[in-house]
Amino acid sequence: MQLSNQYRTINTNSEGSYSELSSKFLAFAYPINSESDINTYRTQLKKLHHKAVHIVFAYRLGINNEIEKSSDDGEPAGSSGLPVLNVLRSHQLTNIAICVVRYYGGKKLGIPGLIRAYKTAAENAIENNTVIIKDIFHHYSVSVEEQYFNNLIHALNQMGASVFEIEYGTQCNFNIRIKAEQKENLETLIEKFWQAELTMVKGE
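Residues 26 to 229 (the numbering used here) make up the sequence shown, in order.
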(Lines of atoms letter the chains of each structure in order from A and count residues from 1; the text may use other names and numbers.)
(Lines give C-alpha, C1' and ligand atoms only; values in the text may rest on other atoms or scores of the structure.)
Protein backbone atom coordinates (compact mmCIF):
# COMPACT_ATOMS: atom_id res chain seq x y z
CA MET A 1 0.00 0.00 0.00
CA GLN A 2 1.34 3.41 -0.99
CA LEU A 3 2.37 5.53 2.01
CA SER A 4 0.11 8.58 2.33
CA ASN A 5 2.94 11.07 2.88
CA GLN A 6 5.71 9.29 1.00
CA TYR A 7 6.27 7.41 -2.23
CA ARG A 8 8.64 4.79 -3.59
CA THR A 9 10.80 5.39 -6.65
CA ILE A 10 14.36 4.98 -7.95
CA ASN A 11 17.07 7.62 -8.05
CA THR A 12 19.22 6.50 -10.97
CA ASN A 13 19.19 4.56 -14.23
CA SER A 14 19.75 0.82 -14.24
CA GLU A 15 19.70 -2.14 -16.61
CA GLY A 16 18.60 -5.75 -16.56
CA SER A 17 18.54 -8.56 -19.11
CA TYR A 18 17.02 -11.93 -19.89
CA SER A 19 17.58 -14.44 -22.69
CA GLU A 20 15.41 -17.27 -23.96
CA LEU A 21 15.57 -19.28 -27.19
CA SER A 22 18.21 -16.89 -28.56
CA SER A 23 15.97 -13.84 -28.04
CA LYS A 24 17.57 -11.15 -25.89
CA PHE A 25 15.57 -8.78 -23.70
CA LEU A 26 17.41 -5.70 -22.44
CA ALA A 27 15.56 -3.69 -19.79
CA PHE A 28 16.33 -0.08 -18.91
CA ALA A 29 14.85 1.58 -15.82
CA TYR A 30 14.71 5.37 -15.53
CA PRO A 31 13.50 7.82 -12.89
CA ILE A 32 11.15 10.27 -14.65
CA ASN A 33 9.25 13.45 -13.80
CA SER A 34 7.12 13.86 -16.92
CA GLU A 35 5.86 11.98 -19.95
CA SER A 36 8.34 13.88 -22.10
CA ASP A 37 11.14 12.10 -20.22
CA ILE A 38 9.98 8.70 -21.44
CA ASN A 39 9.79 9.99 -25.01
CA THR A 40 13.39 11.18 -24.73
CA TYR A 41 14.61 7.82 -23.45
CA ARG A 42 12.69 5.88 -26.09
CA THR A 43 14.19 8.02 -28.84
CA GLN A 44 17.67 7.36 -27.47
CA LEU A 45 17.06 3.62 -27.32
CA LYS A 46 15.73 3.52 -30.87
CA LYS A 47 18.98 5.09 -32.08
CA LEU A 48 21.19 2.80 -29.99
CA HIS A 49 19.22 -0.36 -30.78
CA HIS A 50 18.00 0.29 -34.30
CA LYS A 51 18.21 -3.42 -35.12
CA ALA A 52 15.87 -4.41 -32.28
CA VAL A 53 12.44 -5.67 -33.32
CA HIS A 54 10.52 -4.22 -30.36
CA ILE A 55 10.99 -1.58 -27.68
CA VAL A 56 8.28 -2.19 -25.11
CA PHE A 57 7.71 0.27 -22.28
CA ALA A 58 5.64 1.00 -19.20
CA TYR A 59 5.64 3.87 -16.75
CA ARG A 60 3.91 5.33 -13.73
CA LEU A 61 3.81 9.02 -12.87
CA GLY A 62 2.48 11.08 -9.98
CA ILE A 63 2.61 10.76 -6.22
CA ASN A 64 -0.71 8.92 -6.38
CA ASN A 65 0.14 7.09 -9.62
CA GLU A 66 -2.18 9.39 -11.56
CA ILE A 67 -0.69 8.26 -14.87
CA GLU A 68 -0.07 4.63 -15.84
CA LYS A 69 0.73 3.67 -19.41
CA SER A 70 2.26 0.77 -21.28
CA SER A 71 2.92 -0.28 -24.87
CA ASP A 72 3.41 -3.69 -26.46
CA ASP A 73 5.10 -2.07 -29.48
CA GLY A 74 3.87 -4.72 -31.89
CA GLU A 75 4.10 -7.72 -29.58
CA PRO A 76 0.84 -9.65 -28.99
CA ALA A 77 -1.60 -7.62 -26.89
CA GLY A 78 -1.00 -7.98 -23.16
CA SER A 79 2.18 -10.02 -23.59
CA SER A 80 4.78 -7.37 -22.83
CA GLY A 81 3.83 -3.83 -21.82
CA LEU A 82 1.34 -4.93 -19.17
CA PRO A 83 3.73 -7.43 -17.52
CA VAL A 84 6.30 -4.63 -17.25
CA LEU A 85 3.68 -2.28 -15.78
CA ASN A 86 2.68 -4.97 -13.30
CA VAL A 87 6.29 -5.16 -12.12
CA LEU A 88 6.15 -1.45 -11.30
CA ARG A 89 2.84 -1.96 -9.53
CA SER A 90 4.09 -4.92 -7.51
CA HIS A 91 7.04 -2.87 -6.27
CA GLN A 92 4.72 0.10 -5.58
CA LEU A 93 6.95 2.39 -7.63
CA THR A 94 6.04 5.68 -9.26
CA ASN A 95 7.87 8.35 -11.27
CA ILE A 96 9.61 5.51 -13.06
CA ALA A 97 9.74 4.09 -16.57
CA ILE A 98 11.07 0.79 -17.86
CA CYS A 99 11.82 0.15 -21.52
CA VAL A 100 12.60 -3.38 -22.71
CA VAL A 101 14.45 -3.84 -25.99
CA ARG A 102 13.97 -7.19 -27.73
CA TYR A 103 16.35 -8.75 -30.21
CA TYR A 104 14.55 -11.62 -31.91
CA GLY A 105 16.37 -14.94 -31.87
CA GLY A 106 14.41 -16.67 -34.61
CA LYS A 107 12.09 -18.74 -32.43
CA LYS A 108 8.68 -17.74 -31.13
CA LEU A 109 8.24 -17.80 -27.37
CA GLY A 110 4.45 -17.84 -27.23
CA ILE A 111 2.40 -15.58 -24.98
CA PRO A 112 3.50 -17.22 -21.69
CA GLY A 113 7.13 -17.05 -22.77
CA LEU A 114 6.86 -13.38 -23.70
CA ILE A 115 5.19 -12.51 -20.41
CA ARG A 116 7.94 -14.32 -18.51
CA ALA A 117 10.73 -12.72 -20.53
CA TYR A 118 9.54 -9.12 -20.29
CA LYS A 119 8.64 -9.48 -16.62
CA THR A 120 11.99 -11.03 -15.71
CA ALA A 121 14.02 -8.42 -17.60
CA ALA A 122 12.08 -5.63 -15.87
CA GLU A 123 12.52 -7.26 -12.46
CA ASN A 124 16.26 -7.53 -13.07
CA ALA A 125 16.49 -3.83 -13.91
CA ILE A 126 14.84 -2.95 -10.59
CA GLU A 127 17.00 -5.42 -8.67
CA ASN A 128 20.06 -3.66 -10.11
CA ASN A 129 18.78 -0.33 -8.79
CA THR A 130 18.05 1.08 -5.34
CA VAL A 131 14.48 1.77 -4.32
CA ILE A 132 14.22 4.96 -2.30
CA ILE A 133 11.39 6.51 -0.30
CA LYS A 134 10.74 10.19 -0.88
CA ASP A 135 8.65 12.59 1.16
CA ILE A 136 5.68 14.19 -0.52
CA PHE A 137 5.73 17.99 -0.41
CA HIS A 138 2.87 20.44 -0.79
CA HIS A 139 3.10 23.97 -2.14
CA TYR A 140 0.87 26.69 -0.72
CA SER A 141 0.33 30.37 -1.33
CA VAL A 142 -0.13 32.39 1.86
CA SER A 143 -1.47 35.89 2.46
CA VAL A 144 -1.20 37.57 5.86
CA GLU A 145 -1.39 41.08 7.29
CA GLU A 146 1.98 42.74 7.76
CA GLN A 147 1.70 42.86 11.56
CA TYR A 148 1.54 39.05 11.74
CA PHE A 149 4.11 38.34 9.04
CA ASN A 150 7.27 37.88 11.14
CA ASN A 151 5.59 35.64 13.71
CA LEU A 152 4.07 33.48 11.01
CA ILE A 153 7.35 33.16 9.13
CA HIS A 154 9.13 32.14 12.32
CA ALA A 155 6.50 29.49 13.04
CA LEU A 156 6.71 28.16 9.48
CA ASN A 157 10.48 27.92 9.71
CA GLN A 158 10.10 25.93 12.92
CA MET A 159 7.94 23.47 10.97
CA GLY A 160 10.62 23.04 8.33
CA ALA A 161 8.79 24.97 5.61
CA SER A 162 10.70 26.67 2.80
CA VAL A 163 9.46 30.23 2.23
CA PHE A 164 9.94 32.00 -1.10
CA GLU A 165 8.57 34.61 -3.52
CA ILE A 166 7.72 37.07 -0.75
CA GLU A 167 5.78 40.21 -1.65
CA TYR A 168 5.85 42.78 1.16
CA GLY A 169 3.09 45.27 1.84
CA THR A 170 0.22 45.91 4.21
CA GLN A 171 -0.82 42.44 3.09
CA CYS A 172 2.18 40.14 2.64
CA ASN A 173 1.98 37.35 0.10
CA PHE A 174 4.40 34.44 -0.24
CA ASN A 175 4.70 30.77 -1.16
CA ILE A 176 5.81 27.86 0.97
CA ARG A 177 6.94 24.27 0.39
CA ILE A 178 6.32 21.88 3.25
CA LYS A 179 6.12 18.13 3.88
CA ALA A 180 2.66 16.66 3.40
CA GLU A 181 2.84 15.15 6.87
CA GLN A 182 2.70 18.69 8.27
CA LYS A 183 -0.66 19.46 6.63
CA GLU A 184 -2.76 19.35 9.81
CA ASN A 185 -0.15 21.25 11.82
CA LEU A 186 -0.02 23.88 9.10
CA GLU A 187 -3.78 24.32 9.02
CA THR A 188 -3.86 24.60 12.82
CA LEU A 189 -1.12 27.23 12.69
CA ILE A 190 -2.91 29.28 10.05
CA GLU A 191 -6.09 29.26 12.15
CA LYS A 192 -4.17 31.09 14.89
CA PHE A 193 -3.42 33.90 12.47
CA TRP A 194 -7.04 34.58 11.57
CA GLN A 195 -6.08 37.23 9.01
CA ALA A 196 -3.99 34.70 7.08
CA GLU A 197 -5.24 32.88 3.99
CA LEU A 198 -3.84 29.53 2.88
CA THR A 199 -4.27 28.08 -0.60
CA MET A 200 -2.75 24.80 -1.76
CA VAL A 201 -1.06 25.19 -5.13
CA LYS A 202 0.25 21.69 -5.87
CA GLY A 203 1.80 18.57 -4.45
CA GLU A 204 5.05 16.90 -5.43
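Ideal Cβ placement from N, Cα and C applies to all residues, glycine included.
Contacts around Ile178, its chain only, beta-carbon distance under 7 Å, and the 5 residues preceding and following it disregarded:
Val188
Give me the Cα-Cα distance between Lys94 and Ala83, rounded to the nearest whole angstrom.
6 Å
Using a Cβ-Cβ cutoff of less than 7 Å, which residues in the same chain neighbour Gln31 once the five nearest sequence positions on both sides are dropped?
Ile158, Lys159, Asp160, Ile161
Taking the alpha carbon of Ile35 as the reference point, which residue from Arg127, Thr68, Phe174, Val156 has its own alpha carbon closest?
Val156
Can you list, in chain order, the residues of its chain with a C-beta nearer than 6 Å to that of Gly106? Leave out the 5 residues immediately preceding and following it.
Val81, Ala83, Ser95, Ser96, Asp97
Can you give me the start and stop residues for the alpha helix (DSSP H) that Phe174 sits inside?
171 to 183
Taking contact to mean 3 or more Cβ pairs, one atom from each stretch, closer than 8 Å, check whether the stretch 36 to 51 and the stretch 133 to 147 are in contact.
yes
Terminal residues of the alpha helix (DSSP H) in which Ala146 lies
135 to 152
According to the neighbour-count rule (16 or more other Cβ atoms, all chains shown, within 10 Å of its Cβ), is Tyr193 buried or exposed?
exposed
Would you say Ala77 and Tyr143 are within 8 Å of each other, going by their C-beta atoms?
no
Check Asn64 in the structure and name its three-state DSSP category.
helix
How big is the Cα-Cα spacing for Ile203 and Tyr165?
8 Å
Going by C-alpha to C-alpha distance, which of Leu134, Gly87, Thr195, Ala221 sits closest to Leu181?
Ala221
Between the Cα of Gln117 and those of Glu100, Gly131, Ser104, Asn89, spot the shortest distance and give me the residue it belongs to.
Asn89
Using only the alpha-carbon positions, how far apart do His75 and Gln69 sit?
10 Å
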